[in-house]
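Take a look at the structure set out below.
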Amino acid sequence: MEFLLASALGVTTACGVYLLLRGRTFPVVLGLSLLSYAVNVFIFAMGRLAVNAPPVIAPNAATYSDPLPQALVLTAIVIGFGMTGFVMALAVRARHETGSDHVDGAAAAHEKAHVR
Amino acid sequence: MNHMVILPVVLPALAAALMLALGKTRPAVQRAVGLACTALLFAVAATLLAQAPSDMPQVYALGNWPAPFGIVMVADRLSALLVALTALVALAALAYAAQGWDNRGRHFHALFQFQLMGINGAFLTGDLFNLFVFFEVMLIASYGLLLHGLGAPRLRAALHYVVINLAASAVFLIAVSLLYGVTGTLNMAHLAERVAQVPPADVALVRAAGLMLLGVFAVKAALFPLYFWLPAAYSSACAPVAALFSIMTKVGVYAIIRVTTLIFGGDTGAAELTSPWLLPAALATLVLAALGALGAERFTGLIAYLTVASVGTMLAAVAAGGAAALSGALFYLVHSTLVIAALFLLAELLGRQRGIAADTLRAGPALLQPALLGLVFLLGAASVAGVPPSSGFLGKLMILKGTQDATAVAWIWSILLGASLITLVGCARAGSILLWNIAAPQPAADAAPARPGEWLPLATLLAGAVLMVVFAAPLKRYADATAAELLSRTAYIAAVLGPGQDRAPRALGKGGGT
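Structure below.
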């Protein structure tokens, strides 16, 4: 399970970083989302991996999983979701104002001619 | 338990909610309420500052859960000083914004209060994850404020600013959860104890987490090579927002100071962690920022680079180590925040009287109030460049004296003094162009004089910088005490976790059953 989780995290992060470095806003937003997924699972994994272990006190539970990372990840998910929504709105607005979805707001010359 | 400690967070939060409710009322009402709330915040912060020297750091356990199980807010000397500084700059920025800027977009006042809540929370929190949360509160409000008034350049700068900060937040979360995974705690005082006790096998993980934290805070503080977002963002923000933002890079500096002195300070195994990186990065920041200031095309761009240069100066002193250098850095921090905030306000007033030339460094029409603006410029620029007897001079002198025993003293002194000279040339160039290089003898048709409501906040900030010179001795004593408190760590840890003897170190490597 550790190997599966670790490689999944690694691949997701790599994809996220690659997309983050693209020039258009949409891949950048996707990259940020992928990155935050990987981070959220990573936070979760820092409470150690456990199967069938309740996080709160339960009768006849042999082991417990760490409840704190689960609370942390909830906070991180909420914040990440809000931020993604905001950057999405910002990207759309920037597309309208600058006439380009490039992160620098500068479309190539032929694209500009096409847009106008 | 002193409830005063939580007030700098609760007060702006309530004020922001109130502002949202008042969103549709007349601007005068919103301004009055906003200014009243910020003035109240200033009173609270001043009280905290007055209480700070008395004894131990004041600890507020949220919900009365004892640390390290609950979240704590800690007001030590450093936090109290920075909260008071924030309140002062906020008051001036809001008074300036109340002259009309707040009406150019929606929810300015609510965002402003949320921003204050985030900044104060970041300064006061004693919990690493809570620091992340307050960073996010501060950032999301700053995104809104940066966009205030809209316009294509502002949107472009905001997009960069948002994306780089979101990426930094992701790294922050990785570092925080890694530290939690190794040490099993997020309370900063508790972390300080636990990091010293990590088994040798896990030291590499702690070091990785520590360096990631440094990287994240370097983004917030605008340290080389992570400062490229700052000039565009700060120079495109509207004047009162840019003035408030002058405290935001200081949040990054504060976080670096707090984490390196508290968590990775003392004789922990990871003590030598940040110093090999921080000093070269800070000196490189200083060089590049000075060059940026020299080559700036707009006055706001120049001030943005001055912000970066101030961060380089402070962090070079912090990285050099020692109580005297740290104390100098703290003195310089207060000075640079006040003066840079004042310069951002001045840039708007200057730009408004120069017609289409605005704040670009080109010849423009004659100014309406050359004497007033010129005097303010002279005060601000001399102070920021470190001409005696300004507050900037005293701050740099303290840093130079504090670093004279450091191993890299030749590098620090030569770069700090060289950068000061370049900054001085940059400021002189900007001043001579803005004030003396007059293309047309008549003022521009749309020139508007600075109203008292606009230059009074500006004068207040500069008066603060002048008072720093007059009351340099008590301030220096306070900074010395702060540095000693930061470096000894014991008072902070004891205040948060209680006296240490009865707290046997528990075994690390939690999660045995999982």
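Residue numbers (the working numbering), protein chains in the order written: chain A, 2 to 117; chain B, 1419 to 1932.
Note that CB positions come from ideal geometry on N, CA and C, so glycine has one too.
Check                                                                                                                                                                                      : Outcome
Straight-line CA distance for V1501 (chain B) to A1858 (chain B)?                                                                                                                          : 45 Å
Assign D102 (chain A) to buried or exposed, taking buried as 16 or more other Cβ atoms, counted over all protein chains shown, within 10 Å of its Cβ.                                      : buried
Buried or exposed: H111 (chain A), going by 16 or more other Cβ atoms within 10 Å of its Cβ?                                                                                               : Reliability of the predicted coordinates at H111 (chain A) is poor, the pLDDT of 46 falling under 50, and no value is obtained from them.
If the criterion is Cβ atoms closer than 9 Å, does the pair Q1469 (chain B) and A1498 (chain B) meet it?                                                                                   : yes
According to the neighbour-count rule (16 or more other Cβ atoms, all chains shown, within 10 Å of its Cβ), is G1739 (chain B) buried or exposed?                                          : buried
For A1493 (chain B), list the residues DSSP reports as bridge partners.                                                                                                                    : B:Q1476
So A1897 (chain B) is in the beta strand (DSSP E); what residue range does that whole segment cover?                                                                                       : Run containing A1897 (chain B): none in the beta strand (DSSP E); it sits in the alpha helix (DSSP H), A1890 to S1906.
For H103 (chain A), name the three-state secondary structure that DSSP assigns.                                                                                                            : strand
Using the Cβ count rule (16 or more neighbours within 10 Å means buried), how would you classify W1854 (chain B)?                                                                          : exposed
Taking Cβ-Cβ distances shorter than 7 Å, what residues in chain B pair up with S37 (chain A)?                                                                                              : A1588
Which residue marks the beginning of the alpha helix (DSSP H) containing P1783 (chain B), and which one marks its end?                                                                     : Premise fails: P1783 (chain B) lies in the beta strand (DSSP E), G1782 to A1784, not in any alpha helix (DSSP H).
What residue range does the beta strand (DSSP E) around I1830 (chain B) cover?                                                                                                             : Where I1830 (chain B) is concerned, there is no enclosing beta strand (DSSP E), although the alpha helix (DSSP H) it sits in stretches over V1827 to G1849.
For a cutoff of 9 Å on Cβ pairs, would you count L1499 (chain B) as touching chain A?                                                                                                      : no
Does the Cβ of W1519 (chain B) have 16 or more other Cβ atoms within 10 Å, making it buried, or fewer, making it exposed?                                                                  : buried
Using only alpha-carbon positions, find the residue among B:M1606, B:A1866 and B:K1894 that is nearest to L1786 (chain B).                                                                 : B:A1866
If you measure between the beta carbons of L1596 (chain B) and M1630 (chain B), is that distance less than 9 Å?                                                                            : yes
Ignore the nearest five residues each way along the sequence and tell me which others in W1873 (chain B)'s own chain have a CB closer than 8 Å to its CB.                                  : L1767, L1790 and V1794
Let me know if H1608 (chain B) comes out buried or exposed under the rule of 16 or more other beta-carbons within 10 Å of its beta-carbon.                                                 : buried
Give the interface partners of Y1561 (chain B) over in chain A, defined as CB-CB distance under 8 Å, in chain order.                                                                       : F87 and L91
So, using beta-carbon positions, are A1673 (chain B) and K1638 (chain B) closer together than 9 Å?                                                                                         : yes
Would DSSP call D1520 (chain B) helix, strand or coil?                                                                                                                                     : helix
Could you tell me how far apart the beta carbons of V1914 (chain B) and V1477 (chain B) are, in whole angstroms, since I believe they sit closer than 8 Å?                                 : 5 Å
Check whether the region 1874-1892 of chain B touches the region 1753-1772 of chain B, counting contact only when three or more Cβ pairs, one atom from each stretch, lie closer than 8 Å. : yes
Can you give the Cα-Cα distance for F1541 (chain B) and A1505 (chain B), rounded to whole angstroms?                                                                                       : 12 Å
Check the Cβ-Cβ distances between V1581 (chain B) and every residue of chain A, and say whether any is below 9 Å.                                                                          : yes
Going along the chain, which residues of the region 15-37 of chain A sit with their C-beta nearer than 9 Å to a C-beta in chain B?                                                         : G17, V18, L21, T26, V29, V30, G32, L33, L36 and S37
Under 9 Å, Cβ to Cβ, is there at least one residue of chain B near P60 (chain A)?                                                                                                          : no
Less than 9 Å separating the beta-carbons of A1511 (chain B) and A1759 (chain B)?                                                                                                          : yes
Indicate whether L36 (chain A) and E3 (chain A) have their beta-carbon atoms separated by less than 9 Å.                                                                                   : no
Terminal residues of the continuous alpha helix (DSSP H) containing A1858 (chain B)?                                                                                                       : First-last for A1858 (chain B): I1856 to P1861, but that is the beta strand (DSSP E), not the alpha helix (DSSP H).
Which value, in whole angstroms, describes the spacing of the CA atoms of L1662 (chain B) and I1537 (chain B)?                                                                             : 10 Å
Suppose the cutoff is 6 Å on Cβ atoms and the five residues either side in sequence are ignored; what does the same chain contact list for L33 (chain A) look like?                        : none
For T64 (chain A), tell me which candidate among A:A72, A:V52 and A:V74 has the shortest Cα-Cα distance.                                                                                   : A:V52
Between the C-alpha atoms of A1431 (chain B) and L1748 (chain B), what's the straight-line distance to the nearest angstrom?                                                               : 28 Å
Could you give the DSSP three-state label for T1465 (chain B): helix, strand or coil?                                                                                                      : helix
Output needed for P1875 (chain B): all residues of its chain with C-beta closer than 6 Å, excluding positions within five of it in sequence on either side, in chain order.                : A1510, A1513 and Y1514
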